[in-house]
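Input: a single structure, listed below in structure tokens.
Numbering (the working numbering), first residue to last: -19 to 141.
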């Protein structure tokens, strides 16, 4: 019968392994805590799109897009561009947001003074395109903010009068 001799790990090696495991667990816990806490301290930009959007072909050279939006984020929002994803050369020549019965403009592309949509505010966005769309076809309107965030609105085009 053979006897096996089992040798233990030296106390020095065991201590080093325990310290390494403890440091690794501490690093994981710290990364997890900062990952959870970090995003909640600064609320990001968020534009909520209401389902009342309309894309109306007014003439062969003009299309109007209307939608209600809300700033549901934690920072004021300004727009930089509105365009059709299916035709990237079809960029809005003007876009204006109005708040309530008294038109308080919160953003525009240079036709009126530009400002931002305050946090929690609901407004109507009107964008005018210098191109036409096919009534009955589905389009995606892309709303781009000054910070570069893009919001996509899918809408079926209508024929205006």
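The C-beta atom is built at its ideal place from N, Cα and C for all residues, glycine as well.
Can you pull the DSSP bridge partners for residue 130?
Indexing the chain shown from 1 puts residue 130 at position 150. Looking at the DSSP assignment, residue 130 forms a beta bridge with 124.
On a Cα-Cα basis, can you pick out the residue from 112, 41, 62 and 135 that is closest to residue 105?
Locating residue 105 in the chain shown gives position 125, where the first residue counts as 1. Ranking 112, 41, 62 and 135 by Cα distance to residue 105 puts 62 first.
Leaving out five residues before and five after residue 134 in sequence, what residues of the same chain have Cβ atoms less than 7 Å from its Cβ?
As a working mapping, residue 134 is identified with position 154 in the chain shown. 118 and 120.
Closer than 7 Å to chain C by CB, residue 25:
This model lacks chain C altogether; it includes just one protein chain.
If you draw a straight line from the alpha carbon of residue 77 to that of residue 125, how long is it in whole angstroms?
Taking the chain shown and counting its residues from 1, the one referred to as residue 77 is at position 97. Taking the chain shown and counting its residues from 1, the one referred to as residue 125 is at position 145. Straight-line Cα distance between these residues: approximately 13 Å.
Given residue 123 as reference, the closest of 96, 65 and 137 once Cα atoms are compared:
By 1-based counting over the chain shown, the position of residue 123 is 143. Checked all of 96, 65 and 137; the closest Cα to residue 123 is 65.
Determine the contact status of residue 98 and residue 56, defining contact as a CB-CB distance below 7 Å.
In the chain shown, residue 98 corresponds to position 118, counting from 1. In the chain shown, residue 56 corresponds to position 76, counting from 1. Yes, the pair counts as a contact, with Cβ atoms nearer than the cut-off.
Determine which residues share a DSSP beta bridge with residue 42 and list them.
Within the chain shown, residue 42 is the residue found at index 62, counting from 1. BP columns for residue 42 point to 39.
Is it buried or exposed for residue -8, if we count other Cβ within 10 angstroms and need 16 for buried?
Mapped onto the chain shown, residue -8 falls at position 12. Residue -8 should be labelled exposed.
Simplified DSSP state of residue 90, which is helix, strand or coil:
Taking the first residue of the chain shown as position 1, residue 90 is located at position 110. Residue placement at residue 90 is flagged as unreliable, the pLDDT there being 49, under the threshold of 50; a coordinate-derived value is accordingly withheld.
With 16 as the cutoff for other CB atoms within 10 Å, does residue -11 come out buried or exposed?
The residue given as residue -11 occupies position 9 in the chain shown. Residue -11 comes out exposed.
Helix, strand or coil at residue -5 according to DSSP, with G and I counted as helix
Counting from one through the chain shown, the residue named residue -5 turns up at place 15. Looking at residue -5 - three-state DSSP - the assignment turns out to be helix.
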